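Novice:
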Amino acid sequence: MSFVETAIKKMQGSAGAGQESVRGAATQVQGTPSIQLDGSTTERKSGAGLKAYTHKIVLNRERLAELGMLAPEQQQLQMANQYRQIKRPLIAAAVGRGVPKLPSGNIVMVASALPGEGKTFTSINLALSMAMEQDIRVVLVDADVAKPHVSEMFGAGNRMGLLDALVDDSLDVESLVLQTDIPRLGFLPAGKKVKYVATELLSSVRMEQIMAKIVGDDNCIIVVDSPPLLLASESLPLVNVAGQIVFVVKAGVTPQQTVMDAISYLGDGKFIGVVLNQSDGKTLGTYYGGETGGG
Amino acid sequence: MTDELISKFLGELKGAARFRWISLAVAWIICAIGWLVVLTIPDRFQANARILVDTRTALTPILQGLAIQQDVGAQLNYVAQSLLGKDQLEKIATQVGLTTVNAGAAEKSMVIKDLKAAVTLNGANSNGGGTVFYIRYEDSQRERALEVVKILLDDFVKNTLGGKQDDSATAQQFLVDQIKLKEDLLSEAEQRLANFKKRNFGVLPGQNGDYFSVLQKESEEFKSAEGRLAVAQKRRDELARQLRGEVPLVPTAPGGGEEAKISVVTDTSALLKDAESRLNQLRLMYTDKHPDVVAMRENISQLKQRQAAEVVAIKRGDTGAAAAAGATANPIYQSIQLALNQTDVEIAALRAEYADRQRKITELRTLINTVPEVEAEYQRLNRDYDINRAQYSSLVERLERAKLGDQAEASGSIRFEVIDPPNASFEPVAPKRKMLLSVVLLAGLGAAAGVAYLLHLLKPVFLSARSVYEKTGLPVLGIVSVTGLDGRQRSLARSYVACGALVALLLVGFVGVVKYGQLGVGKLISMM
Numbered sequence: 017m018s019f020v021e022t023a024i025k026k027m028q029g030s031a032g033a034g035q036e037s038v039r040g041a042a043t044q045v046q047g048t049p050s051i052q053l054d055g056s057t058t059e060r061k062s063g064a065g066l067k068a069y070t071h072k073i074v075l076n077r078e079r080l081a082e083l084g085m086l087a088p089e090q091q092q093l094q095m096a097n098q099y100r101q102i103k104r105p106l107i108a109a110a111v112g113r114g115v116p117k118l119p120s121g122n123i124v125m126v127a128s129a130l131p132g133e134g135k136t137f138t139s140i141n142l143a144l145s146m147a148m149e150q151d152i153r154v155v156l157v158d159a160d161v162a163k164p165h166v167s168e169m170f171g172a173g174n175r176m177g178l179l180d181a182l183v184d185d186s187l188d189v190e191s192l193v194l195q196t197d198i199p200r201l202g203f204l205p206a207g208k209k210v211k212y213v214a215t216e217l218l219s220s221v222r223m224e225q226i227m228a229k230i231v232g233d234d235n236c237i238i239v240v241d242s243p244p245l246l247l248a249s250e251s252l253p254l255v256n257v258a259g260q261i262v263f264v265v266k267a268g269v270t271p272q273q274t275v276m277d278a279i280s281y282l283g284d285g286k287f288i289g290v291v292l293n294q295s296d297g298k299t300l301g302t303y304y305g306g307e308t309g310g311g
Numbered sequence: 056m057t058d059e060l061i062s063k064f065l066g067e068l069k070g071a072a073r074f075r076w077i078s079l080a081v082a083w084i085i086c087a088i089g090w091l092v093v094l095t096i097p098d099r100f101q102a103n104a105r106i107l108v109d110t111r112t113a114l115t116p117i118l119q120g121l122a123i124q125q126d127v128g129a130q131l132n133y134v135a136q137s138l139l140g141k142d143q144l145e146k147i148a149t150q151v152g153l154t155t156v157n158a159g160a161a162e163k164s165m166v167i168k169d170l171k172a173a174v175t176l177n178g179a180n181s182n183g184g185g186t187v188f189y190i191r192y193e194d195s196q197r198e199r200a201l202e203v204v205k206i207l208l209d210d211f212v213k214n215t216l217g218g219k220q221d222d223s224a225t226a227q228q229f230l231v232d233q234i235k236l237k238e239d240l241l242s243e244a245e246q247r248l249a250n251f252k253k254r255n256f257g258v259l260p261g262q263n264g265d266y267f268s269v270l271q272k273e274s275e276e277f278k279s280a281e282g283r284l285a286v287a288q289k290r291r292d293e294l295a296r297q298l299r300g301e302v303p304l305v306p307t308a309p310g311g312g313e314e315a316k317i318s319v320v321t322d323t324s325a326l327l328k329d330a331e332s333r334l335n336q337l338r339l340m341y342t343d344k345h346p347d348v349v350a351m352r353e354n355i356s357q358l359k360q361r362q363a364a365e366v367v368a369i370k371r372g373d374t375g376a377a378a379a380a381g382a383t384a385n386p387i388y389q390s391i392q393l394a395l396n397q398t399d400v401e402i403a404a405l406r407a408e409y410a411d412r413q414r415k416i417t418e419l420r421t422l423i424n425t426v427p428e429v430e431a432e433y434q435r436l437n438r439d440y441d442i443n444r445a446q447y448s449s450l451v452e453r454l455e456r457a458k459l460g461d462q463a464e465a466s467g468s469i470r471f472e473v474i475d476p477p478n479a480s481f482e483p484v485a486p487k488r489k490m491l492l493s494v495v496l497l498a499g500l501g502a503a504a505g506v507a508y509l510l511h512l513l514k515p516v517f518l519s520a521r522s523v524y525e526k527t528g529l530p531v532l533g534i535v536s537v538t539g540l541d542g543r544q545r546s547l548a549r550s551y552v553a554c555g556a557l558v559a560l561l562l563v564g565f566v567g568v569v570k571y572g573q574l575g576v577g578k579l580i581s582m583m
């Protein structure tokens with residue numbers, strides 16, 4: 017059994033002792049036959065509770081593992097630890113835990129210079145890891161509208177999503193966000209609408225509104241999977257929207273110069289942290305500055 | 056520590072491997088071009104022959120000792136001159152087909168130059184005496200190389216060894232001329248020597264004893280002459296003294312009426328005698344101041360004067376006076392006078408002899424200074440003569456030997472022996488294809504590796520969080536060490552395998568090319 021499933025089972029177990037049942041009906045996801053979990057979780061009294069979205073999807077673990085988005089069993093523990101370490105400063109800055117709260121800090125953009133560096137992988141696993149936190153919820157947004165891998169992998173390739181919301185003001189974003197079978201994880205697909213004006217759409221005010229709507233008024237972190245910085249222009253408006261940027265670098269593959277070029281696109285004013293993907297180094301070798309907001 | 060190094064090394068390797076396709080292309084291109092070049096280098100075949108020549112019999116007896124050193128180098132030059140002269144080479148070139156008779160002068164000279172450059176002629180002293188000559192020639196065709204060496208060898212045997220005959224004749228003529236010269240010189244020297252001997256007889260070394268004994272003799276004779284002269288002079292003096300003691304005129308025989316005249320004379324001397332004795336008596340009694348003594352002295356002096364005048368007159372031969380004085384020739388006086396005259400004559404003669412001998416002695420004495428010079432001169436002349444004589448004899452001897460030698464050679468006793476007849480290996484001596492092909496392969500692989508690593512250095516990647524922070528200045532949130540999930544490892548592995556396959560293909564190509572090269576590709580290429 018995968019680690020994630022074990023954790024979920026644990027949560028279910030704790031919830032089984034007479035908790036409030038989840039709000040909202042559990043409906044079958046269209047077209048995706050799978051086991052449905054009783055998505056019952058505890059609602060915190062502090063108010064950082066769950067928002068259960070209308071529509072649900074189930075994440076097909078095996079498929080995700082096949083696609084290389086989840087770690088194999090032997091390495092799950094190690095990876096979980098590594099993501100725990102990665103998410104900590106992000107969460108701290110997002111909700112103001114121990115450090116000053118960053119403006120728009122709860123919008124975390126996962127970026128990279130080139131495709132194939134592990135953005136999708138990182139955003140998925142980061143979202144999953146963050147969803148383990150007790151007092152925040154996470155919404156994963158697939159903003160890589162040109163190549164909506166996450167949407168496809170989650171089986172939501174045909175569903176309406178971000179783009180649709182951007183185009184149509186009247187659409188309620190919240191109805192588009194899908195509830196995954198992980199309690200605190202929501203997912204907004206990329207959408208079906210026309211892609212070629214995506215850059216302008218993404219940089220519109222509507223984007224900010226959407227983000228604000230998704231966040232609501234509780235502790236919510238939006239993890240945005242974005243296109244490669246050097247290849248797509250859509251990433252730039254996302255940089256403006258996000259308050260924190262997770263820059264993914266593939267160890268031993270991405271040339272240093274490329275990285276430097278991409279970083280120059282990010283500009284100042286945002287907190288940028290680097291994740292070195294597929295690195296052979298020891299975790300102990302990591303080093304990050306104590307200050308946020310450095311660029 | 057070693058773990059770090061290993062991981063660093065692997066990291067570098069992986070980094071360089073990013074450019075595997077480029078480096079593979081580099082390797083393939085270099086190898087393809089290099090192998091093609093190597094394969095198209097034409098073969099060179101080598102033919103050689105060796106011949107042992109006892110050149111001493113052929114050349115040296117004649118020329119030895121005439122200040123010409125015959126060493127291998129000189130012999131070689133001699134041989135090379137005759138074998139590799141321009142005309143000779145042209146003949147060979149046309150014969151083997153390197154050029155044609157009608158070809159232009161420029162082309163011919165180029166061909167000849169190449170031919171000459173490709174011929175190696177060497178000689179070395181052999182242990183058993185004589186010289187071993189190597190003839191070596193390289194050409195792109197084996198048969199041609201062989202033929203050239205054959206021709207050269209034949210030429211060598213015919214011209215060089217046979218040509219020595221001509222040499223011998225000229226050498227003999229040379230000897231004859233030299234002998235004639237020497238003869239003339241010799242007779243001149245003989246003449247000079249004889250003259251010298253004649254001139255300096257008695258002073259010549261070897262005759263040195265004579266000279267000194269001559270000198271000795273002369274000295275002795277001189278001394279004796281001197282002595283005899285002295286004796287004679289003494290005798291003369293004695294005789295003169297005796298003569299003085301005598302009177303030249305004596306009174307004539309008693310009983311003459313001339314007593315009175317004689318008595319004059321006698322008187323004078325008697326008076327003198329008497330006066331003198333009386334003076335003596337007086338002096339016994341009185342001093343010189345006594346008037347008697349004084350008077351007596353005066354008397355004596357007067358008498359003496361008178362006597363002297365008379366003697367003078369008599370001496371003069373004034374026989375008149377003598378006769379007046381009443382004297383006749385004293386026979387004793389006469390004999391003494393005679394003896395005196397004889398002695399004078401003797402003395403004159405002796406003086407002459409003395410002078411003569413003295414002159415001789417002086418002459419001889421001066422000669423003594425020139426004896427060393429004469430000795431030296433004599434020796435020089437002798438030596439010259441000896442040398443000339445010796446040379447002459449040896450020349451004559453050599454001429455005889457040469458004549459004999461010629462006869463011996465005519466009967467076939469020249470020593471030469473073909474050690475290696477013209478032979479050419481079927482394997483080309485150059486180029487060393489296998490080696491060159493390997494070199495090209497190594498160069499290709501090396502260049503490939505170099506290019507890959509260079510590109511890696513030029514386009515570095517991030518391998519550690521530290522390097523990320525150092526380069527970007529951004530905080531590193533963490534590392535994710537899980538790899539291979541995206542199938543990248545698989546595709547990477549596949550890529551590596553493909554690369555390796557291509558490298559293996561390259562190696563197989565190398566083996567094939569080597570084999571192909573061994574099949575004498577030169578022939579194939581040249582046929583194209």
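Residue numbers (the numbering used here), protein chains in the order written: chain A, 17 to 311; chain B, 56 to 583.
The beta carbon of each residue, even a glycine, is placed where N, CA and C say it ideally should be.
Since the model is a prediction, treat every value here as computed from it, not as a measurement.
1) Mind checking whether residue 586 (chain B) and residue 477 (chain B) have CB atoms under 9 angstroms apart?
2) Are the Cβ atoms of residue 182 (chain A) and residue 208 (chain A) separated by less than 9 angstroms?
3) Hey, could you find the ends of the beta strand (DSSP E) residue 253 (chain A) is sitting in?
4) Quick one: what does DSSP say residue 351 (chain B) is sitting in, helix, strand or coil?
5) In chain B, which residues lie less than 8 angstroms from residue 139 (chain A) when you measure between Cβ atoms?
6) What is the rounded straight-line gap between the Cα of residue 313 (chain A) and the Cα of residue 504 (chain B)?
7) Which residues, in order along the stretch 265-276 of chain A, keep a beta-carbon less than 9 angstroms from a beta-carbon of chain B?
8) Quick one: give me the first and last residue of the alpha helix (DSSP H) that residue 294 (chain A) is part of.
9) Note down the Cα distance separating residue 244 (chain B) from residue 452 (chain B), rounded to an integer number of angstroms.
10) Just curious, the beta strand (DSSP E) that residue 526 (chain B) is in, first and last residue?
11) From this set, A:105, A:204 and A:273, which residue's C-alpha is nearest residue 231 (chain A)'s C-alpha?
12) Just how far apart, CA to CA, sit residue 335 (chain B) and residue 392 (chain B)?
13) For residue 186 (chain B), name the three-state secondary structure that DSSP assigns.
14) Rounded to a whole number of angstroms, what is the C-alpha to C-alpha distance between residue 62 (chain A) and residue 75 (chain B)?
15) Please state the DSSP three-state secondary structure of residue 13 (chain A).
16) Any idea which residues DSSP pairs residue 97 (chain A) with across the strands?
17) Given a threshold of 16 other Cβ atoms within 10 Å of its Cβ, counted over all protein chains shown, does residue 295 (chain A) qualify as buried or as exposed?
18) Give every residue of the same chain whose Cβ lies closer than 7 angstroms to the Cβ of residue 330 (chain B), excluding the five residues on either side of it in the sequence, and list them in chain order.
19) Please report whether the beta-carbon of residue 57 (chain B) lies at a distance below 9 angstroms from any beta-carbon of chain A.
20) Any beta carbon from chain B within less than 9 angstroms of residue 195 (chain A)'s own beta carbon?
21) Are any of the Cβ atoms in chain B nearer than 9 angstroms to that of residue 293 (chain A)?
22) Over the uninterrupted alpha helix (DSSP H) stretch that includes residue 517 (chain B), give me the two end residues.
23) Along chain A, which residues have their Cβ under 8 angstroms away from the Cβ of residue 527 (chain B)?
24) Just tell me which of A:101, A:80 and A:257 has its CA closest to the CA of residue 157 (chain A).
25) Return the CA-CA distance between residue 138 (chain B) and residue 172 (chain B), expressed in angstroms with no decimal places.
26) May I have the straight-line CA-CA distance separating residue 227 (chain B) from residue 155 (chain B), to the nearest angstrom?
27) Can you tell me whether residue 218 (chain A) is buried or exposed, with buried defined as 16 or more other CB within 10 angstroms of its CB?
28) Do residue 237 (chain B) and residue 446 (chain B) have their C-beta atoms closer together than 9 angstroms?
29) Could you please give me the residues that DSSP links to residue 403 (chain B) through a beta bridge?
30) Go to residue 128 (chain A), then tell me how far its beta strand (DSSP E) extends in each direction, as first and last residue.
31) Between which two residues does the alpha helix (DSSP H) carrying residue 190 (chain A) extend?
32) How do the stretch 112-121 of chain A and the stretch 251-266 of chain A stand: do at least 3 beta-carbon pairs fall below 8 angstroms, yes or no?
33) Determine, using beta carbons only, whether residue 106 (chain A) comes closer than 9 angstroms to chain B.
34) Which residues does DSSP pair with residue 191 (chain B) in a beta bridge?
35) Identify every residue that forms a DSSP beta bridge with residue 472 (chain B).
36) Using a Cβ-Cβ cut-off of 8 angstroms (strictly less than) and excluding sequence neighbours within five positions of residue 516 (chain B), which residues of its own chain qualify?
Specialist: Taking the geometry as given:
1) Only positions 56 to 583 of chain B appear in the structure, and residue 586 (chain B) is not among them; the question remains open.
2) On the first sequence, residue 182 (chain A) is found 166 positions in, with the first residue counted as 1. On the first sequence, residue 208 (chain A) is found 192 positions in, with the first residue counted as 1. Contact: no.
3) Mapped onto the first sequence, residue 253 (chain A) falls at position 237. Not the beta strand (DSSP E): residue 253 (chain A) falls in the alpha helix (DSSP H), residues 251-257.
4) For the purposes of this step, residue 351 (chain B) is identified with residue 296 of the second sequence, where counting begins at 1. The answer is helix: DSSP assigns residue 351 (chain B) an H, G or I state.
5) Here residue 139 (chain A) refers to the residue found at position 123 of the first sequence. Within 8 angstroms Cβ-Cβ: nothing; residue 139 (chain A) doesn't reach chain B, min ~12 angstroms.
6) There is no way to answer for residue 313 (chain A), as the model of chain A reaches only from 17 to 311.
7) 265, 266, 267, 268, 269, 270, 271, 272, 273, 274, 275 and 276
8) Counted from its first residue, the first sequence places residue 294 (chain A) at position 278. Here residue 294 (chain A) belongs to no alpha helix (DSSP H), and DSSP marks it neither H nor E.
9) The count along the second sequence starts at 1 and reaches residue 244 (chain B) at position 189. The count along the second sequence starts at 1 and reaches residue 452 (chain B) at position 397. If you take the alpha carbons of residue 244 (chain B) and residue 452 (chain B), they lie about 21 angstroms apart.
10) Here residue 526 (chain B) refers to the residue found at position 471 of the second sequence. Residue 526 (chain B) -> not in any beta strand (DSSP E); alpha helix (DSSP H) instead, spanning 520-527.
11) For the purposes of this step, residue 231 (chain A) is taken as residue 215 along the first sequence, with counting starting at 1. Checked all of A:105, A:204 and A:273; the closest Cα to residue 231 (chain A) is A:204.
12) Reading the second sequence from its first residue, position 280 is the one you call residue 335 (chain B). Reading the second sequence from its first residue, position 337 is the one you call residue 392 (chain B). In a straight line, the C-alpha of residue 335 (chain B) is about 33 angstroms away from that of residue 392 (chain B).
13) Within the second sequence, residue 186 (chain B) is the residue found at index 131, counting from 1. Residue 186 (chain B): strand per DSSP, three-state reduction.
14) If you number the first sequence from 1, residue 62 (chain A) lands on position 46. If you number the second sequence from 1, residue 75 (chain B) lands on position 20. Bear in mind that a pLDDT of 35 at residue 62 (chain A), under 50, signals an unreliable position, so the number given afterwards is only what the model happens to contain. Those two C-alpha atoms are separated by around 58 angstroms.
15) Summary: the structure shown does not reach residue 13 (chain A), with chain A confined to residues 17 through 311, and so no result is reported for it.
16) Translated into positions along the first sequence, residue 97 (chain A) becomes position 81. The partner list for residue 97 (chain A) (beta bridge, DSSP) is empty, contrary to what the question assumes.
17) Indexing the first sequence from 1 puts residue 295 (chain A) at position 279. Residue 295 (chain A) should be labelled buried.
18) Start at 1 with the first residue of the second sequence, and residue 330 (chain B) comes out as number 275. Within the same chain, residue 330 (chain B) has close Cβ partners 351, 354, 355 and 358.
19) Position 2 of the second sequence, counted from the first residue, corresponds to residue 57 (chain B). For residue 57 (chain B), the answer is no, since every Cβ of chain A falls outside 9 angstroms of its Cβ.
20) Translated into the one-based positions of the first sequence, residue 195 (chain A) becomes position 179. Judged by the 9 angstroms Cβ criterion, residue 195 (chain A) is not in contact with chain B.
21) For the purposes of this step, residue 293 (chain A) is identified with residue 277 of the first sequence, where counting begins at 1. Yes, residue 293 (chain A) lies at the interface with chain B (some Cβ there is under 9 angstroms from its Cβ).
22) The count along the second sequence starts at 1 and reaches residue 517 (chain B) at position 462. Note, residue 517 (chain B): premise wrong, no alpha helix (DSSP H); not H, not E.
23) Here residue 527 (chain B) corresponds to residue number 472 of the second sequence, with the count starting at 1. Here the neighbours are 275, 276, 279 and 290.
24) Start at 1 with the first residue of the first sequence, and residue 157 (chain A) comes out as number 141. Looking at the Cα atoms, A:257 is the closest of the given residues.
25) Locating residue 138 (chain B) in the second sequence gives position 83, where the first residue counts as 1. Locating residue 172 (chain B) in the second sequence gives position 117, where the first residue counts as 1. Spanning the two alpha carbons is a distance of roughly 13 angstroms.
26) Here residue 227 (chain B) is taken as the residue at index 172 of the second sequence, counted from 1. Here residue 155 (chain B) is taken as the residue at index 100 of the second sequence, counted from 1. So the two alpha carbons sit approximately 42 angstroms from each other.
27) As a first step, residue 218 (chain A) must be located in the first sequence, where it is residue number 202. Residue 218 (chain A) is buried by the Cβ-count criterion.
28) Your numbering for residue 237 (chain B) matches position 182 in the second sequence. Your numbering for residue 446 (chain B) matches position 391 in the second sequence. The answer is yes: Cβ separation under 9 angstroms.
29) Stepping through the second sequence from its first residue, residue 403 (chain B) is reached at position 348. Beta-bridge pairing links residue 403 (chain B) to no other residue.
30) Within the first sequence, the letter at position 112 stands for residue 128 (chain A). 123-128 is the extent of the beta strand (DSSP E) around residue 128 (chain A).
31) Position 174 of the first sequence, counted from the first residue, corresponds to residue 190 (chain A). First-last of the alpha helix (DSSP H) with residue 190 (chain A): 189-192.
32) yes
33) Translated into positions along the first sequence, residue 106 (chain A) becomes position 90. Judged by the 9 angstroms Cβ criterion, residue 106 (chain A) is in contact with chain B.
34) Your numbering for residue 191 (chain B) matches position 136 in the second sequence. B:103 and B:175, per the DSSP bridge assignment.
35) Working through the second sequence from its first residue, we reach residue 472 (chain B) at position 417. Residue 472 (chain B) pairs with B:107.
36) For the purposes of this step, residue 516 (chain B) is taken as the residue at position 461 of the second sequence. 70 and 73.
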